[in-house]
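Read through the structure below, which is laid out as structure tokens, and then see the notes.
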Amino acid sequence: MARVLWPVMLASAVGLLPFTVFSTYLVPIADAADTGVAAMGQLRGLGGLAALAVGTALAPFIDRVRKEWAAAGGLALLAVSALLGATGEFLFLAAFCLLVGAGTAVLNPALTAAAADRFGDGAAAGRAATLVTATQSFTALMAAPLVALPALLWGWQGNLLAVSVAAALLTAVFFVKGGRSHREPARHTPRLGYGASFNALAAVPGAVPLLLVALLRTAAFMGYLAYLAAFYDERFALSPGPFALVWTLSGTAFFLSNLLTGRAMSAAGPRITAERMMTGALVVGLAALVGFFFTHTLWLALLLTAVTAAAHATVAACVTTLLVRRCPTLRGTALSVNAAGMSFGVFAGAALGGVGLGLAGYPGIALALGALTLGALLAALRVRRPA
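Letter by letter, the sequence shown follows residues 84 to 470 in the numbering used here.
Structure follows, in structure tokens:
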């Protein structure tokens, strides 16, 4: 499967790099733009807003055009944005954030849907989709060597230029692939109108609860990650150096769990269904996340960090698998709305976690993020296995 999907996997990894470079080199980027770190960091929010708006607005069109061409369009936006960001000018960096958010909002669902379509409507389609998301998890885990080591040779601007070149080359690859698929026999599915696509998605059994699970789970997990370093610093006096190992532990647990869950869900006659596995993982994730903020023992905190990441990765893989299986003709729409909801969840989780921290300290964060996870669990209980 990896041999067949290597262009898709490579493109999904490249799509994660622009904001990784931006976050890693926020301070020198702010210096180059002659502005403060806070002001530059707020530009990252523009990308989230663009991803939310573009992902929702263009969701039905992902199924109306060839997904390879949709991916080529997203990659082209990334190539242009990275080129603008490399200038170091404030206005161009603002455009960089907007274009990266818009580009990934199209690129990620198009790649995931294209991978699933390549393997039909069976269990292998869900496996292919989770293989793409696992590649993104692995890219996030390997961000340091992928970004920091090349920057020793050419700096952060060279990193962005390299991303621009890679995205441009992949744009050509996917444009050609789209032309080749145009000559292949197409699956005959009814073409729905813009509004009808959303109505059809809402009518799919379990689709709305699954999208709600993804949004609330993402909000809870990203809110937890936003304050992870502060928690370890205050409670265990971990400096940024040792904390990097904690971050690696969390990333490794997330990647392995996402990869293995996708593999398990693709097995013929799995011992546990995706619906039950998702519900069980949310129960474990709720207990681990809430318990984490009350622990005062380092080894227990590390264990709960790994368990929280693994549980959320399992839920993410189950949601992707179930959306791909239940929406065979609406995969692009479903995955695009799902990505837009998760973009909103990233900022909602950090904001609600901050409110909880301000009102009641770390117990307040546990309450706020625990409530989000509980909401995801209640939504998961509404996802019934079809007869």
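Using N, Cα and C, we set each Cβ at its ideal position, and we do this for glycine too.
Being a predicted model, the structure only gives us computed values, none of them experimental.
Given residue i as reference, the closest of the options once Cα atoms are compared
| i | options | result |
| --- | --- | --- |
| Phe258 | Tyr307, Leu328, Ala336 and Gly157 | Gly157 |
| Phe314 | Leu381, Ala422 and Gly428 | Leu381 |
| Ala454 | Phe427, Arg467 and Ala370 | Ala370 |
| Leu132 | Arg467, Tyr445 and Ala422 | Ala422 |
| Gly345 | Ala96, Ala396, Ala462 and Ala153 | Ala396 |
| Ser164 | Phe173, Glu151, Ala178 and Ala154 | Ala178 |
| Ser419 | Leu386, Ala196 and Gln240 | Ala196 |
| Phe304 | Leu328, Ala199, Phe427 and Ala206 | Phe427 |
| Pro111 | Asn341, Thr139, Glu172 and Pro325 | Glu172 |
| Ala297 | Ala394, Leu332, Gly437 and Pro233 | Ala394 |
| Pro288 | Glu151, Arg300, Asp200 and Leu464 | Leu464 |
| Leu166 | Ala155, Leu386, Leu182 and Ala153 | Leu182 |
| Val407 | Ala208, Val230, Gly138 and Thr139 | Ala208 |
Buried versus exposed, by CB contacts within 10 Å (16 or more), residue i
| i | result |
| --- | --- |
| Leu452 | buried |
| Thr362 | buried |
| Gln240 | buried |
| Asn282 | exposed |
| Phe202 | buried |
| His271 | Since pLDDT at His271 reaches only 48, below the 50 mark, its modelled position is unreliable, and the value read off the structure follows with that caveat. Counting Cβ neighbours within 10 Å, His271 comes out exposed, since fewer than 16 surround it. |
| Asp146 | buried |
| Val120 | exposed |
Residue i (DSSP reduced to helix, strand or coil)
| i | result |
| --- | --- |
| Ile112 | helix |
| Thr107 | helix |
| Gly276 | coil |
| Pro411 | coil |
| Ala323 | Looking at the sequence itself, residue 323 is Pro, so the reference to Ala does not match. Helix, per DSSP. |
| Leu141 | coil |
| Asp200 | helix |
| Pro268 | Only weak support exists for where Pro268 lies, its pLDDT of 46 falling under 50; the value from the coordinates is given anyway. Three-state DSSP puts Pro268 in coil, outside helix and strand. |
| Leu464 | coil |
| Met225 | coil |
| Ser349 | coil |
| Thr380 | coil |
| Glu172 | coil |
| Tyr523 | There is simply no residue 523 to check, as the chain begins at 84 and stops at 470 in what is shown. |
Contact check, residue i vs residue j, beta carbons under 8 Å
| i | j | result |
| --- | --- | --- |
| Met123 | Ala113 | yes |
| Leu253 | Ala389 | no |
| Cys410 | Met360 | no |
| Val104 | Val246 | yes |
| Ala312 | Leu435 | no |
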